[in-house]
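Engineer:
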Amino acid sequence: GPGGGAPLENANPLIYRRSGERPVTAREEDDELPDSIDDREIFDNPGTHLIRSINDPEHPLTLEELNVVEQVRVKVDDAASTVAVEFTPTIPHCSMATLIGLSIKVKLIRSLPERFKLDVHITPGTHASEHAVNKQLADKERVAAALENSHLLEVVNQCLSARS
Amino acid sequence: QFLLPLLIEKMDSDLQSAKLDSLQTLTACCAIYGQKELQEFLPSLWSSLRREVFQTASEKVEAECLAALYALSACLSRSVLSSDTEDLLDSFLSSILQDCRHHLCEPDMKLVWPSAKLLQAAAGASLRAYHRVSHSVLPLLLEQYTKHSQSSQRRTILEMLLGFLELQQKWGHVEEDESTLLSLRAPVCSVVFSALTDPSVQLQLVGIRALTVLGSLQGFLSPSDLELVVDHLLRLTLHEEDSQSSKAAMEAAGSLAPIYPKVFSGRMVPRLEEELQADFSSSEREEESSQDHSSLRQRCLQALAAVSTHTSIVRETVPVLLQHLRKVQKGSEAGSTQDLVSVCQSLHRVALQCQQDVEGCWYYHQTVVPCLLAVAVQAAMQESTQPLLGRALLEEEVLAAMVPVISAATTHLSPELAAQSVSHVVPLFLDGEVSFLPQNSFPCSFQPFEDGECLEAQRRLVALLMAFVCSLPRNVAIPQQERLLRELLALSCSCNCPFTATTAAKCFAGLVNKHPAGKGAGQDAMGPCQGTGRGMAQPVPFVSPGQQLDEILQLAVDRMEPGLVEGPRRTQALTLLLWVTKALVLRYHPLSSHLTDKLLGLLSDAELGPAAADGFSLLMAESPDVLHKGCHADVRIMFRQRFFTDNVPKLVQGFYGAGPDVKANYLKGLSHVLNHLPKPVLVTELPTLLSLLLEALSCSDRVVQLSTLSCLQPLLLEAPQIMSLHVDTLVTKFLNLTSSPTMAVRIAALRCAHALTSLPVTVLLPYKARVIRALAKPLDDKKRLVRKEAVAARGEW
Chain A
1005 GPGGGAPLEN ANPLIYRRSG ERPVTAREED DELPDSIDDR EIFDNPGTHL
1055 IRSINDPEHP LTLEELNVVE QVRVKVDDAA STVAVEFTPT IPHCSMATLI
1105 GLSIKVKLIR SLPERFKLDV HITPGTHASE HAVNKQLADK ERVAAALENS
1155 HLLEVVNQCL SARS
Chain B
10 QFLLPLLIEK MDSDLQSAKL DSLQTLTACC AIYGQKELQE FLPSLWSSLR
60 REVFQTASEK VEAECLAALY ALSACLSRSV LSSDTEDLLD SFLSSILQDC
110 RHHLCEPDMK LVWPSAKLLQ AAAGASLRAY HRVSHSVLPL LLEQYTKHSQ
160 SSQRRTILEM LLGFLELQQK WGHVEEDEST LLSLRAPVCS VVFSALTDPS
210 VQLQLVGIRA LTVLGSLQGF LSPSDLELVV DHLLRLTLHE EDSQSSKAAM
260 EAAGSLAPIY PKVFSGRMVP RLEEELQADF SSSEREEESS QDHSSLRQRC
310 LQALAAVSTH TSIVRETVPV LLQHLRKVQK GSEAGSTQDL VSVCQSLHRV
360 ALQCQQDVEG CWYYHQTVVP CLLAVAVQAA MQESTQPLLG RALLEEEVLA
410 AMVPVISAAT THLSPELAAQ SVSHVVPLFL DGEVSFLPQN SFPCSFQPFE
460 DGECLEAQRR LVALLMAFVC SLPRNVAIPQ QERLLRELLA LSCSCNCPFT
510 ATTAAKCFAG LVNKHPAGKG AGQDAMGPCQ GTGRGMAQPV PFVSPGQQLD
560 EILQLAVDRM EPGLVEGPRR TQALTLLLWV TKALVLRYHP LSSHLTDKLL
610 GLLSDAELGP AAADGFSLLM AESPDVLHKG CHADVRIMFR QRFFTDNVPK
660 LVQGFYGAGP DVKANYLKGL SHVLNHLPKP VLVTELPTLL SLLLEALSCS
710 DRVVQLSTLS CLQPLLLEAP QIMSLHVDTL VTKFLNLTSS PTMAVRIAAL
760 RCAHALTSLP VTVLLPYKAR VIRALAKPLD DKKRLVRKEA VAARGEW
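Line by line, the protein sequences give chains A and B.
Sequential numbering of the first sequence, starting at 1005, is according to this note's numbering.
Sequential numbering of the second sequence, starting at 10, is according to this note's numbering.
1. Measuring straight from C-alpha to C-alpha, what distance separates E798(B) and T246(B)?
2. Should M20(B) be flagged as near chain A, meaning a C-beta pair shorter than 7 Å?
3. Along chain B, in chain order, which residues have C-beta atoms closer than 8 Å to that of S1173(A)?
4. Does M732(B) come within less than 7 Å of chain A when only Cβ atoms are used?
5. Check the DSSP bridge columns for V1089(A) and list the partner residues they point to.
6. I'd like to check one pair, L58(B) with L78(B): are the Cβ atoms closer than 7 Å?
7. Closest by CA to F50(B), which one among A76(B), T65(B), L16(B), S67(B)?
8. Can you pull the chain A neighbours of R793(B), defined as C-beta to C-beta under 7 Å?
9. Step through the CB atoms of chain B and report whether any lies within less than 7 Å of the CB of D1035(A).
10. Which whole runs of the alpha helix (DSSP H) in the stretch 663-692 of chain B are 4 residues long or more, in chain order?
11. Please list, in chain order, all residues of the same chain as V671(B) whose beta carbon is under 6 Å from its beta carbon, the five residues on each side excluded.
12. So what's R244(B) in DSSP terms, helix, strand or just coil?
13. Quick one, which of R483(B), P687(B), F517(B) has its alpha-carbon nearest A499(B)'s?
14. With a CB to CB cut of under 6 Å and the five nearest residues on each side skipped, what residues in its chain are close to V808(B)?
15. Using a Cβ cut-off of 9 Å, pull out every chain B residue sitting near E1118(A), in sequence order please.
16. How many Å lie between T320(B) and C363(B) at the Cα?
17. Roughly how many whole angstroms lie between the Cα atoms of Q10(B) and Q44(B)?
18. For P669(B) and D606(B), I'd like the C-alpha separation in whole angstroms.
19. Kindly provide the ranges of any alpha helix (DSSP H) runs that are 4 or more residues long and lie completely inside the stretch 56-138 of chain B, ordered along the chain.
20. For A383(B) versus P447(B), is the C-beta spacing smaller than 7 Å?
21. For a contact meaning CB atoms closer than 7 Å, what does M752(B) contact in chain A?
22. Is it buried or exposed for A1148(A), if we count other Cβ within 10 angstroms and need 16 for buried?
23. Is it true that the CB of V200(B) sits closer than 7 Å to the CB of Y139(B)?
24. Return the chain-ordered list of same chain residues with a C-beta closer than 6 Å to the C-beta of E496(B), the five sequence neighbours on each side being excluded.
25. In whole angstroms, give me the CA-to-CA distance for I1126(A) and A1136(A).
26. Do the CB positions of A266(B) and I217(B) come within less than 7 Å of each other?
27. Quick check: the Cα distance between A1150(A) and E1118(A), rounded to an integer number of angstroms?
28. DSSP three-state call for R645(B): helix, strand or coil?
29. Give the single residue among G624(B), L426(B), Q467(B) whose Cα lies nearest to the Cα of G441(B).
30. Where V478(B) and L698(B) are concerned, what is the direct C-alpha to C-alpha distance, given to the nearest angstrom?
31. For H763(B), which three-state DSSP category applies?
32. Quick check: R469(B) and T509(B), are their CB atoms within less than 7 Å of each other?
33. Go ahead and pull the three-state DSSP assignment for L725(B).
34. With distances taken between CB atoms, is the gap from V407(B) to V350(B) smaller than 7 Å?
35. Please classify A389(B): is it buried, with 16 or more other beta-carbons within 10 angstroms of its beta-carbon, or exposed?
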């Protein structure tokens, strides 16, 4: 893979502020009342916004800080069992787009009940190859095959377990 | 001549371990070889090192390369030059510069970092190398900074520049004739100041770091530069929106202040004082919210504390802080509790910063302690005569914030000075002697130990007495100690206010812990004892005629026992029991086992059981204000282990014999003791206790389940090898409990499932599929907090 001296694709990322911790409400602490799954919950999932970019060891920023994933682009419908996550690569030729998308998808697969249909795609108009990347991410068999590749799986796991 | 080619070849190897070995060997060689041996191979060595650093993905390899380069440079620097031989160091450095320099100028900045690191490694080896490299690189970097306008690029450049500045720091001062840096003073300062005014927070932070380094170089900054520095730091501290920058600026001021005390006390402190006062009095400014005001005030207070790193500055800032305290207390508006707490926090920080300097410490103590006491006494008297005015100061929160201030001001006093102080403070509380307080004309008398409804406010101030008297160095005699102990004991038993009663109990315990041993109760066990906070060894206690301790302890027991059995003050009696037991357990006093047995007995009490169980945490944990080593308490080595050995068998026995409603208490007590045990001890004792804990997991009582789970979770992290032996039971029971009807239990069980992942992989693999499958269900739990834990656990698995 690219080394520590390899080109920084985006040496000048704009850095956005981190949102704070989600405060716990009284309702959430009540044993009886159910909480439905909402956008914030998916967004707060460590896999969605805390994936560290492995291309940039000098600037270990999270996807949230780079504005690759924003809460507003996460849409959940608990009753209909659907989740859609739109992510925005930092520059239009970002070669990490597929890996990022795959990591988000894997984390959602691991974190959500089986009943959910998952849709992970690139924010329209933000990437040169978005059509191709989206197609790959939407193809279940392709994703499953990718995860059979132990090397790729290891890279994905590294992305997901990387915490600052 | 055989080794070096071999090393070069190995560096080209694909195997990372071969690379690392050869690099480390090279570094070792450089310590021994001289330039004669290395001369022939320098070009190849450099070429390999450069390639590795430019291309590597491994941090380890990069680090070893840089270390090797450093060693090479150092070795060559040691060479003695004669007029006709080549200056090898110079030519070596020239080739490095040739290969690296131009990368620093690339517009897309592809290889800046590797180049910079290589240059810094070579330059750091000796003053000669540093001069050679910096002469070439510094002007270049400065030029690059001006050329690139984007904040992130400037940040990178400044960080590289900072790396070189830090190398200069190694050699301390800047010599006129040789220094490139000095000749570049104007552009360097201009670059750094520009970074401080940039909107990007990250760039500001690097600028602040650079400022700190420049400030530490003797002779670098001119007086006018310094003024600018202070102005910038003030601006960032007070008006920069981002709190990271503000804090960094404050800390920078703190590190620079001792080097330039006059500038900071002359220029920064008055401005901070001005802001603090102006802000406070014009609170009628309509447009600005009180939020902004409050945060500006906070920053002023924090900055005043941060900059108090030199005695002369302390003498300026302490009066300002005290003045503000008095003002807030008089003002008594809403929110003043927070203000008072903030001032106390700042005072605390200053106290800590004064501790090492004898003069400063005494100045602080003499100035602050009487003032705090005076303000508190005043407030308490107002409360008695005119309730509702000046309430804020008497709030628990504020008194609790004052405690660390007084404590920190007292712990480092010499015994002589402490004795002086004690001769004023104790009579204040016992006899109402207010003459030593500033502004001491009070409307009525100060009698905190007397009974009477209207004296309740005065009684709360025993917290301040505690802070002082329990922090004294060990060999300071306390006047009227007997009487003081009796009064404290009475107060802790009879007072209606829980805060006051508890504080009195703590104060009593703190004194009892340090009291010289008594004859009747026998000698304390001759365990080794901890030194005082100053590291002086205590003499082994010999039998002294201190019957006082025995008597007072007996008195305490006599008052406690009926209080524990029944009546309205059982909880209070328990509090007293806990603190006295702790005081005695710490010093290995024989009475401690009698008292501990009492506590054990209370575990089966319907009303007090849970509190008694939690009391074990109080006994074992480090208390922040009394009975810890920092305040010179008598804390014997390994008291926790001893407590464990003496009492855990009784806890286990109690658990097995207890009725179902109180079993949880025994478990809770046990888990508290275990949680505070040093790891090596825990690991040896765990096997015997584990079966009890596993059995407890099957108990149907939810409280027991919860206690056991919270006990097991840290054990999984601390002692994975032992827990591995029971992995089957643990997996089954944890997964079971993830379906408990109680949310808290489900959460605790999931956390334990998560903690299981610290076990060795070989142990976990057989269970992986089953656990992942089973954890799918809680992902759809109706409660969000449960789902959150499930996601974390399943993700780890």
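Note that the Cβ used here is the ideal one computed from N, Cα and C, for glycine as well.
Keep in mind that this is a model prediction, so the values were computed, not measured.
Structural biologist: So, from the listed chains and residues:
1. In the second sequence, residue 798(B) corresponds to position 789, counting from 1. In the second sequence, residue 246(B) corresponds to position 237, counting from 1. Rounded to whole angstroms, E798(B) to T246(B) spans 39 Å at the Cα level.
2. Taking the first residue of the second sequence as position 1, residue 20(B) is located at position 11. Not one chain A Cβ lies under 7 Å of M20(B).
3. Examination of residue 1173(A) is not possible in this model, given that chain A is present from 1005 through 1168 alone.
4. As a position in the second sequence, residue 732(B) is number 723, starting the count at 1. Interface annotation, M732(B): not in contact with chain A, CB-CB separation never under 7 Å.
5. Locating residue 1089(A) in the first sequence gives position 85, where the first residue counts as 1. Residue pairing by DSSP places V1089(A) opposite V1078(A), V1124(A) in a beta bridge.
6. The residue given as residue 78(B) occupies position 69 in the second sequence. The residue given as residue 58(B) occupies position 49 in the second sequence. A contact, by the Cβ cut-off of 7 Å.
7. Within the second sequence, the letter at position 41 stands for residue 50(B). Comparing alpha carbon positions, the residue from A76(B), T65(B), L16(B), S67(B) closest to F50(B) is L16(B).
8. Locating residue 793(B) in the second sequence gives position 784, counting from the first residue. Listed along chain A, the residues sitting closer than 7 Å to R793(B) by beta-carbon distance are E1032, D1039, E1045.
9. By one-based count along the first sequence, residue 1035(A) stands at place 31. Cβ-Cβ to chain B under 7 Å: yes for D1035(A).
10. If we require 4 residues or more, the alpha helix (DSSP H) runs fully inside the stretch 663-692 of chain B come out as 672-684.
11. What you label residue 671(B) is simply residue 662 of the second sequence in a count that begins at 1. S613, G618, listed in sequence order.
12. Along the second sequence, one-based indexing puts residue 244(B) at 235. R244(B): helix per DSSP, three-state reduction.
13. Position 490 of the second sequence, counted from the start, is the residue given in the question as residue 499(B). Considering only alpha carbons, the answer is F517(B).
14. With chain B running from 10 to 806 in the structure shown, residue 808(B) is simply not present.
15. Here residue 1118(A) refers to the residue found at position 114 when the first sequence is read from its first residue. Simply A785, L788, D789.
16. The residue labelled residue 320(B) in the question sits at position 311 within the second sequence. The residue labelled residue 363(B) in the question sits at position 354 within the second sequence. Cα to Cα, T320(B) sits roughly 7 Å from C363(B).
17. What you label residue 10(B) is simply residue 1 of the second sequence in a count that begins at 1. What you label residue 44(B) is simply residue 35 of the second sequence in a count that begins at 1. About 12 Å.
18. Here residue 669(B) refers to the residue found at position 660 of the second sequence. Here residue 606(B) refers to the residue found at position 597 of the second sequence. C-alpha separation (whole angstroms): 21 Å.
19. Complete alpha helix (DSSP H) runs here, min 4: 68-86, 97-109, 121-132.
20. Locating residue 383(B) in the second sequence gives position 374, counting from the first residue. Locating residue 447(B) in the second sequence gives position 438, counting from the first residue. Their beta carbons are under 7 Å apart, which means A383(B) touches P447(B) by this criterion.
21. Position 743 of the second sequence, counted from the first residue, corresponds to residue 752(B). Result: D1035.
22. In the first sequence, counting from the first residue as 1, residue 1148(A) sits at position 144. The residue is exposed, with fewer than 16 neighbouring Cβ atoms inside 10 Å.
23. If you number the second sequence from 1, residue 139(B) lands on position 130. If you number the second sequence from 1, residue 200(B) lands on position 191. Their beta carbons are not under 7 Å apart, which means Y139(B) does not touch V200(B) by this criterion.
24. Within the second sequence, the letter at position 487 stands for residue 496(B). Correct list, in chain order: F458.
25. Walking along the first sequence from the start, residue 1126(A) turns up at place 122. Walking along the first sequence from the start, residue 1136(A) turns up at place 132. Roughly 10 Å separates the two Cα atoms.
26. As a position in the second sequence, residue 266(B) is number 257, starting the count at 1. As a position in the second sequence, residue 217(B) is number 208, starting the count at 1. Taking a C-beta distance under 7 Å as the contact criterion, A266(B) and I217(B) do not qualify as a contact pair.
27. Residue mapping note: residue 1150(A) aligns to position 146 of the first sequence, counting from 1. Residue mapping note: residue 1118(A) aligns to position 114 of the first sequence, counting from 1. Rounded to whole angstroms, A1150(A) to E1118(A) spans 20 Å at the Cα level.
28. As a working note, residue 645(B) is residue 636 in the second sequence. R645(B) falls in the strand class under three-state DSSP.
29. Taking the second sequence and counting its residues from 1, one reaches residue 441(B) at position 432. Comparing Cα-Cα distances from G441(B) to each of G624(B), L426(B), Q467(B), the minimum goes to Q467(B).
30. Counting from one through the second sequence, the residue named residue 478(B) turns up at place 469. Counting from one through the second sequence, the residue named residue 698(B) turns up at place 689. In a straight line, the C-alpha of V478(B) is about 41 Å away from that of L698(B).
31. To locate residue 763(B), count along the second sequence from 1; it is residue 754. Assigned with DSSP and collapsed to three states, H763(B) falls in helix.
32. As a first step, residue 469(B) must be located in the second sequence, where it is residue number 460. As a first step, residue 509(B) must be located in the second sequence, where it is residue number 500. Closer than 7 Å, so yes.
33. Residue 725(B) sits at position 716 when you count from the first residue of the second sequence. In the structure shown, L725(B) falls within a helical segment according to DSSP collapsed to helix, strand and coil.
34. Counting from one through the second sequence, the residue named residue 407(B) turns up at place 398. Counting from one through the second sequence, the residue named residue 350(B) turns up at place 341. Result yes, Cβ atoms of V407(B) and V350(B) sit closer than 7 Å.
35. Sequence index remark: in the second sequence, residue 389(B) carries index 380 (1-based). Under this definition A389(B) is a buried residue.
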